[in-house]
Structure formats: C-alpha cells, structure tokens
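**Student:** Below is the structure I would like to discuss, written out as structure tokens.
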Amino acid sequence: MLAAILLAGPFAPQAQAQQQGGKVLRVALVQEVDHLNPFLASFASSTMIGRMTWEFLTLPSAEDNTPSPGLATSWSASPDKLTWTYQIRQGVKWSDGQPVTAKDAAFTFNRIMTDPKAQEANGTYVENFESVTAPDDRTLVIRTKAPQASMNALDVPIVPEHVWSGISDMEDAKTDTVPVVGVGDGPFLITEYRPNELVRLKANPDYWRGKSPVDELQFITYKNADAAVNALQNNEVDFVNRLTSTQFDALQGKSGIATNKANGRRYRELIINPGAQNAARQPIGDGNAALKDVRVRQAIAKALDPQTLIDKVLGGYGQLGASIIPASFPVYHWEPADGQRYKFDPAAANAQLDAAGYRKGADGIRIGPDGKPLELRLLGRASEDYAQRASDYVVSWLAAIGIKADKELVSDNEVDERTNAGTYDLAFSGWGTTPDPDYILAKQTCDALPATAGSSSSTAFFCDPQFDALYAQESAETDQAKRADLVKQAQARYYEQVPSVVLDYDNALEAYRSDQFSDFPKQPAGTGQIMEQSGYWGFYGATPASGSGSGGGLSAGAWIGIVAGVVVVIAIGGTVAARRRKPAEDRE
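Under the working numbering, read the sequence shown as residues 2 to 589, first letter to last.
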C-alpha cells in the first residue's frame with residue numbers, strides 16, 4: 002500500500018517529464034547526501050556535488066593532482082610567508098548574472114572564520130587565518146598567524162556573497178535548498194534537490210572553461226550497490242561506483258558497459274579506542290581501559306592479517322595499508338621499513354601481551370593488570386559487506402592471542418553515534434584524503450578532539466604531543482621536500498602509537514555505459530578514478546558516445562528504484578535526519 006501511495010505521488014509523472022532532450026548523464030548514488038549547503042557538506046557524495054557547483058581558488062589538476070588555477074589565476078606569498086595574494090579571474094559571473102569578485106571569496110572565508118556553524122566542513126583550513134580582505138574586485142589577500150603550507154590547496158568552495166549574506170542560521174534546513182539551487186559559477190548548476198532521491202544539475206552555459214558536453218547531470222539515490230548495478234545493466238543509469246569485487250568482475254565484458262579500476266584516495270582502518278577524551282582532556286565514552294596501553298594496541302596490529310582481508314573480502318582489489326595518506330599520493334605517502342611493519346605474527350603478539358602483564362585466564366582470555374578480562378566490542382555497519390565478512394576474521398585472529406572480541410554489527414546511525422561518542426572498543430572506519438596532507442593530518446591532532454561528546458572532529462581520538470609538534474612543523478614548511486619528510490615522520494609516529502590499524506587502500510571500482518559515454522577524464526590522468534575526484538574533471542569532461550542520443554533523463558525503472566529505496570527508509574522508521582552524523586565510509 003505504501004509503495005502504491007508513493008508511486009501515485011510526485012514520482013510517477015516525472016518519468017515522462019524528464020524527456021527534455023540534450024545529453025543527460027545519470028549517476029547512481031549509493032551514499033547519502035548529508036547537505037548541499039557547502040559550509041556543512043562532509044560526505045564524499047555531497048562534497049563531490051559541491052565541486053560541480055562552486056569554483057575554488059585553486060584545485061588539484063586532472064593530470065597529476067598538483068595545484069592548478071581556478072578562480073585564482075595566480076598566487077604569491079610575501080617573503081615572511083604570512084601574506085598570500087591571489088589574483089581573481091576576470092569575466093566570471095554567477096549564474097544570475099552578478100560578477101564573481103574577490104569580495105565573494107573574502108566573504109566565504111570570513112563567514113567560516115566567524116560563524117561556528119559554518120565551520121563544520123572546512124573550518125580546519127582557516128584556523129591559522131588572521132585576516133582575509135579584498136582590496137579590490139580582482140585581489141584577495143589572506144594573512145596567516147604563522148606560515149601555512151596548504152595555501153595553494155584550500156579545498157573551500159567560494160559562494161556568492163549576495164546570496165549567502167542573507168543566511169542568518171547556517172544550520173537552518175532551508176540552507177540545503179534555497180541558497181544552493183540555481184546560483185553557482187561551476188560547470189554545473191543545481192536545479193532540483195529531493196533528499197534521499199535525486200539531485201539534478203544543468204550545465205552552466207557561461208562556465209569560464211566552456212560548457213560541458215553533458216547538458217544535464219543527475220545523481221540518483223539507490224538503497225544499495227546491487228540496486229544501482231541492476232539499474233546500470235537495465236540502462237537506467239550511466240555510471241556507478243564503489244562496486245564490490247564480485248559486482249566489478251561480473252560487469253567486465255558486458256555489452257555496452259566499461260569498467261575502471263584505480264588506486265583510490267580512501268583508506269580503510271580498524272580504529273582502536275585509545276582513551277576517548279574531549280578537548281578539555283576529560284574522558285568520554287566507555288572504551289576498554291586496556292586499550293590506553295600502546296603495547297596492547299601494537300599487539301592487536303600484529304594479530305591482524307590485512308592481506309587476507311584484501312584477498313578474501315576485497316577480491317584482491319586493494320593495496321596493503323600502513324599510513325593515513327594513501328599510496329596514490331606518492332609525494333607524502335609513508336611506508337614502514339621491513340623491520341617496522343606490523344606483520345601477521347600471533348606468536349609475537351602473544352609474547353608482547355605476556356611481557357606487558359596481560360596473563361591468560363583458565364578460559365584462555367587474557368586478564369589485565371586491573372583484574373578485568375580483555376574483552377572488546379567490535380563495531381561495524383550491518384549494511385556493509387566488508388564489515389560483515391571482515392569481522393569474522395578479526396574475531397578469530399584476536400581469539401588466537403587471548404582477546405575475546407564481540408561482533409556488534411548495527412545500523413549506520415548507531416555506528417556513527419558510538420564512534421563519535423567514544424562508546425566502542427574497536428570499529429571499522431575509513432576516510433577520504435586530499436592531495437594536500439594537511440587536512441587528514443589535522444584530524445589526528447589534539448586540537449581535533451571534540452568540544453563535547455558526539456562531535457566528529459577527530460578520526461580516532463588520537464592526541465599525542467610528538468605528533469602535534471610534527472604536524473605544526475609540516476603545516477608551516479613551504480619547502481616541499483622538507484615538508485614531505487615531516488609529513489612522513491608524523492605518519493610514522495601515528496603508526497607507532499596505533500590509534501588505528503590502516504588495513505588497506507581500496508581500489509576505486511567503477512562502471513559506466515560505454516554505449517552512452519565513450520570516455521571520462523581520470524584523476525590522475527590515465528590511471529585514476531572518475532567519480533569522487535578532488536575536482537570536477539570526470540563528469541565535466543565526459544564524452545558522449547557517437548549516436549548515443551539524448552540520454553533520456555530518469556526512466557520509469559529508475560524512479561521505481563528510487564521509490565523502493567524510500568520505502569525501505571520509511572519502513573525502518575522514517576527518513577534520515579538532515580543533521581545526522583557522518584558515516585565512517587562517507588567521511589571526506
């Protein structure tokens with residue numbers, strides 16, 4: 002009955018109404034959109050859409066991820082590296098006809114600097130800013146408190162002051178629709194947003210790089226990857242990503258479908274609660290106190306076999322992990338030396354726990370110095386194939402060293418709430434990284450600890466003075482070689498202290514309708530991923546296949562897929578709250 006009501010509602014007529022001509026690129030989303038408000042958007046899907054809509058001062062190039070001009074045509078630093086001057090591109094207009102000026106950029110940064118609610122997505126970029134001014138329409142001046150190496154890699158979308166200055170409450174739900182629809186300066190403009198269903202964008206005819214070959218871009222939500230793959234095979238969508246190895250293998254060689262495997266920019270980890278605390282250094286949560294002991298965390302790392310997880314769970318589509326900057330960013334990526342790496346060695350793990358005073362009881366479970374058994378909760382998302390399968394391996398590996406792990410596969414929302422509140426012991430997690438290392442390193446600092454329990458500022462509640470000192474040095478070092486060395490030292494310290502075990506760097510597994518689109522730019526060129534880039538190149542530069550026609554917009558089948566997803570959400574208790582926490586796999 003519910004499905005019938007929904008189909009009789011606003012969805013059914015759309016199947017015909019979308020047949021408007023022009024080339025349409027239909028992209029399946031199996032991740033939520035948390036916000037379209039760029040000040041709040043933190044999901045990978047949401048930031049991707051923002052990159053299509055609002056231009057940046059600079060952005061990573063499609064060729065090799067190096068900083069390239071965006072709104073800023075050039076930039077320079079003063080001799081003391083405290084003042085950065087950006088020349089803003091002339092002739093760029095917002096889609097309502099107003100000129101884009103340096104004042105828009107100054108407004109954007111100042112709003113983040115002065116409004117705590119505007120800091121959720123990009124606040125870390127401006128923490129070191131002293132002032133941002135626009136002495137004229139073509140000049141932006143940013144003065145920092147200390148040298149900041151990431152000034153040519155500020156991943157902050159610039160918004161129109163004349164639209165956003167009227168927004169008093171940045172967390173008002175209306176900010177996901179009213180100010181974002183229609184007014185932008187990127188390659189695409191948002192024209193429609195239906196939460197948990199659809200985001201529709203049209204090509205910006207006045208985009209300064211030139212109009213995209215794609216006339217309309219649609220992000221269509223599906224409840225899971227299986228539904229998205231079925232839609233691809235039925236020619237109801239043109240592009241899917243985040244495929245499982247089984248799905249990817251099954252799509253290879255299919256008529257009208259092409260696949261892409263790339264080294265991804267995300268890392269997958271097992272976080273180990275090292276003693277969750279807030280910014281005032283007050284304990285929060287209920288993590289097992291034994292995990293405060295670095296020897297226990299190191300023993301856990303030695304008990305795990307990430308290569309088996311890559312082979313058996315990921316089907317071989319991943320690279321062995323180590324540090325928090327993936328191998329796809331080779332300048333800053335750190336690999337432990339052979340003698341440093343935590344190798345799968347249960348005997349060594351057992352010996353380390355013995356030496357640390359964690360003796361085995363009669364039942365084989367170790368007892369800590371406090372007399373309590375070493376029993377841990379292993380948290381994962383019930384909806385995630387990886388957590389379902391990898392958790393069994395982890396439980397058995399920990400049992401072999403006398404640690405009892407209780408598997409707790411729960412809802413996405415519960416995972417988010419508990420990892421943010423510190424009410425876990427072990428949990429599967431993951432983060433997307435950017436070409437500049439500053440953002441992901443900042444997430445590991447003491448400054449990233451939450452003001453109150455429940456914040457998602459820190460990735461793993463890590464707080465270490467030695468790491469912080471290395472971070473402070475790298476963030477101020479403008480010589481790339483010296484900076485890279487400091488970044489690697491920081492990663493080595495993180496690795497030694499083990500607030501998490503980086504298990505792997507997933508390959509990006511994607512597929513698209515080659516009978517509709519013959520090619521997509523990759524980042525980096527030739528070998529990289531197409532979707533969820535650090536930029537907009539993949540979809541902006543999509544090449545329609547010869548004779549592929551208009552693309553047709555949303556088919557009736559696609560709308561049925563969307564409605565099915567909505568039915569599932571309603572059936573389990575209503576639509577997803579607009580302000581929910583960030584799922585670990587979607588964090589950016």
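We put the CB at the ideal spot given by N, CA and C, even for glycine.
So does the segment 522 to 533 actually touch the segment 333 to 351, counting three or more Cβ pairs closer than 8 angstroms?
**Tutor:** Verdict: no, contact absent.
**Student:** Taking a contact to mean a Cβ-Cβ separation below 7 angstroms, would you say Asp105 touches Met171 in this structure?
**Tutor:** If you number the sequence shown from 1, residue 105 lands on position 104. If you number the sequence shown from 1, residue 171 lands on position 170. For Asp105 and Met171, no; Cβs fall outside 7 angstroms.
**Student:** When the Cα atoms are used, what is the spatial distance from Gln219 to Ala400?
**Tutor:** Here residue 219 refers to the residue found at position 218 of the sequence shown. Here residue 400 refers to the residue found at position 399 of the sequence shown. Whole-angstrom Cα-Cα distance: 47 angstroms.
**Student:** In angstroms with no decimal places, state the Cα-to-Cα distance between Lys523 and Thr544.
**Tutor:** In the sequence shown, counting from the first residue as 1, residue 523 sits at position 522. In the sequence shown, counting from the first residue as 1, residue 544 sits at position 543. Going from the Cα of Lys523 to the Cα of Thr544 covers about 12 angstroms.
**Student:** Using the rule of at least 16 other Cβ atoms within 10 Å of the residue's Cβ for burial, across every protein chain shown, is Ala45 buried or exposed?
**Tutor:** Reading the sequence shown from its first residue, position 44 is the one you call residue 45. Label assigned to Ala45: buried.
**Student:** Give the range of the beta strand (DSSP E) segment to which Arg269 is assigned.
**Tutor:** Against the sequence shown, residue 269 aligns to sequence position 268. From DSSP, the beta strand (DSSP E) with Arg269 extends over 267 to 273.
**Student:** Suppose contacts are defined by Cβ-Cβ distances below 7 angstroms. Is Arg266 in contact with Ser329 by that definition?
**Tutor:** Residue mapping note: residue 266 aligns to position 265 of the sequence shown, counting from 1. Residue mapping note: residue 329 aligns to position 328 of the sequence shown, counting from 1. In this structure, Ser329 lies closer than 7 angstroms to Arg266 by Cβ.
**Student:** Using a threshold of 7 angstroms, state whether the C-beta atoms of Asn129 and Ala107 are closer than that.
**Tutor:** On the sequence shown, position 128 is the one that residue 129 refers to. On the sequence shown, position 106 is the one that residue 107 refers to. No, the pair does not count as a contact, with Cβ atoms beyond the cut-off.
**Student:** How big is the Cα-Cα spacing for Ala228 and Arg144?
**Tutor:** Position 227 of the sequence shown, counted from the first residue, corresponds to residue 228. Position 143 of the sequence shown, counted from the first residue, corresponds to residue 144. Distance between the alpha carbons of Ala228 and Arg144 is about 49 angstroms.
**Student:** Could you give the DSSP three-state label for Asn264: helix, strand or coil?
**Tutor:** Sequence index remark: in the sequence shown, residue 264 carries index 263 (1-based). DSSP places Asn264 in strand when its eight states are reduced to three.
**Student:** Assuming Ile272 contacts Thr420 (C-beta within less than 8 angstroms), just tell me the rounded distance between them.
**Tutor:** Stepping through the sequence shown from its first residue, residue 272 is reached at position 271. Stepping through the sequence shown from its first residue, residue 420 is reached at position 419. The Cβ separation is near 7 angstroms, so the contact holds.
**Student:** Taking the continuous alpha helix (DSSP H) assigned at Glu162, which residues delimit it?
**Tutor:** Numbered from its first residue, the sequence shown carries residue 162 at position 161. First-last of the alpha helix (DSSP H) with Glu162: 162 to 165.
**Student:** Given a cut-off of 7 angstroms on the beta-carbon distance, is the pair Tyr513 and Pro188 in contact?
**Tutor:** Taking the first residue of the sequence shown as position 1, residue 513 is located at position 512. Taking the first residue of the sequence shown as position 1, residue 188 is located at position 187. Contact flag unset, no.
**Student:** Which term fits Thr102, buried or exposed, when burial requires 16 or more other beta carbons within 10 angstroms of its beta carbon?
**Tutor:** Within the sequence shown, residue 102 is the residue found at index 101, counting from 1. Buried, because 16 or more other Cβ atoms sit within 10 Å of the Cβ of Thr102.
**Student:** How big is the Cα-Cα spacing for Val502 and Gln91?
**Tutor:** As a working note, residue 502 is residue 501 in the sequence shown. As a working note, residue 91 is residue 90 in the sequence shown. Approximately 47 angstroms between the Cα atoms of the pair.
**Student:** How big is the Cα-Cα spacing for Leu202 and Glu193?
**Tutor:** What you label residue 202 is simply residue 201 of the sequence shown in a count that begins at 1. What you label residue 193 is simply residue 192 of the sequence shown in a count that begins at 1. Their Cα atoms are separated by approximately 7 angstroms.
**Student:** What residue range does the beta strand (DSSP E) around Gln320 cover?
**Tutor:** Along the sequence shown, one-based indexing puts residue 320 at 319. It spans 319 to 321 - the beta strand (DSSP E) in which Gln320 sits, taken as one unbroken run.
**Student:** If you count every other CB in all the chains shown that lies within 10 Å of the CB of Arg382, and 16 or more means buried, which is it?
**Tutor:** Mapped onto the sequence shown, residue 382 falls at position 381. It counts as buried.
**Student:** Considering just the uninterrupted stretch of the alpha helix (DSSP H) at Ile50, what are its terminal residues?
**Tutor:** Taking the first residue of the sequence shown as 1, we reach residue 50 at position 49. Per DSSP, Ile50 belongs to the alpha helix (DSSP H) from 45 to 54.
**Student:** Take the Cβ of Asp587 as the centre, count every other Cβ of all protein chains shown within 10 Å, and call the residue buried at 16 or more, exposed below.
**Tutor:** What you label residue 587 is simply residue 586 of the sequence shown in a count that begins at 1. Annotation note: pLDDT 49 at Asp587 (below 50); position unreliable, coordinate value reported separately. Buried is the call here.
**Student:** With a threshold of 8 angstroms on Cβ separation, who are the neighbours of Trp76 within its own chain once the five nearest residues in sequence on each side are excluded?
**Tutor:** By one-based count along the sequence shown, residue 76 stands at place 75. Same-chain partners within the cutoff: Leu58, Thr59, Trp85, Thr86, Tyr87, Gln88, Met152, Asn153.
**Student:** If you follow the alpha helix (DSSP H) that Gln278 is in, where does it begin and where does it stop?
**Tutor:** For the purposes of this step, residue 278 is taken as residue 277 along the sequence shown, with counting starting at 1. Counting along the chain, Gln278 falls outside any alpha helix (DSSP H), and DSSP gives it neither H nor E.
**Student:** Val567 to Asn279, Cα distance in whole Å?
**Tutor:** Taking the sequence shown and counting its residues from 1, one reaches residue 567 at position 566. Taking the sequence shown and counting its residues from 1, one reaches residue 279 at position 278. For Val567, the predicted model reports a pLDDT of 32, less than 50, meaning its position is unreliable and no value from the coordinates is stated.
**Student:** Give a yes or no on contact between the segment 383 to 393 and the segment 407 to 427, applying the rule of three or more CB pairs nearer than 8 angstroms.
**Tutor:** Touching, per the Cβ criterion.
**Student:** Please report how far the alpha carbon of Ser96 lies from the alpha carbon of Leu72, in whole angstroms.
**Tutor:** As a first step, residue 96 is located in the sequence shown; it is residue number 95 there, counting from the start. As a first step, residue 72 is located in the sequence shown; it is residue number 71 there, counting from the start. If you take the alpha carbons of Ser96 and Leu72, they lie about 15 angstroms apart.
**Student:** Taking its Cβ as the centre, do 16 or more other Cβ atoms sit within 10 Å of Gly358, making it buried, or is it exposed?
**Tutor:** Numbered from its first residue, the sequence shown carries residue 358 at position 357. Burial call: exposed.
**Student:** Please confirm if the segment 461 to 468 is in contact with the segment 293 to 312, defined as three or more CB-CB distances below 8 angstroms between the two stretches.
**Tutor:** Contact between the segment 461 to 468 and the segment 293 to 312 is absent, because fewer than three Cβ pairs lie under 8 angstroms.
**Student:** Where does Tyr333 fall in DSSP's three states?
**Tutor:** As a working note, residue 333 is residue 332 in the sequence shown. Coil at Tyr333, not helix or strand.
**Student:** From what residue to what residue does the alpha helix (DSSP H) around Ser397 run?
**Tutor:** The count along the sequence shown starts at 1 and reaches residue 397 at position 396. Where Ser397 is concerned, the enclosing alpha helix (DSSP H) stretches over 386 to 400.
**Student:** Between which two residues does the alpha helix (DSSP H) carrying Leu471 extend?
**Tutor:** Indexing the sequence shown from 1 puts residue 471 at position 470. Here the alpha helix (DSSP H) through Leu471 covers 466 to 477.
**Student:** Which runs of the alpha helix (DSSP H) fall wholly inside the segment 172 to 219 and span at least 4 residues, in chain order?
**Tutor:** DSSP runs (the alpha helix (DSSP H)) wholly in the segment 172 to 219: none.
**Student:** In whole angstroms, give me the CA-to-CA distance for Leu380 and Gln283.
**Tutor:** For this step, residue 380 is matched to residue 379 along the sequence shown. For this step, residue 283 is matched to residue 282 along the sequence shown. Cα-Cα distance, rounded: 23 angstroms.
**Student:** Give me the residue from Ala388, Ala119, Gln234, Gly431 with the minimum Cα distance to Pro327.
**Tutor:** In the sequence shown, counting from the first residue as 1, residue 327 sits at position 326. For the residues Ala388, Ala119, Gln234, Gly431, the minimum Cα distance to Pro327 belongs to Gly431.
**Student:** If I follow the unbroken alpha helix (DSSP H) through Gln596, where does it start and stop?
**Tutor:** The requested residue 596 is not part of the displayed model; the chain covers only 2 to 589.
**Student:** Quick one: what's got a C-beta closer than 8 angstroms to Ala356's C-beta in the same chain, skipping five residues either side?
**Tutor:** Here the question's residue 356 lines up with position 355 in the sequence shown. Here the set comprises Arg296.
**Student:** For the beta strand (DSSP E) containing Ile441, list its first residue and its last residue.
**Tutor:** Counting from one through the sequence shown, the residue named residue 441 turns up at place 440. Taken as a continuous stretch (DSSP letters only), Ile441 belongs to no beta strand (DSSP E), being part of the alpha helix (DSSP H) at 439 to 443.
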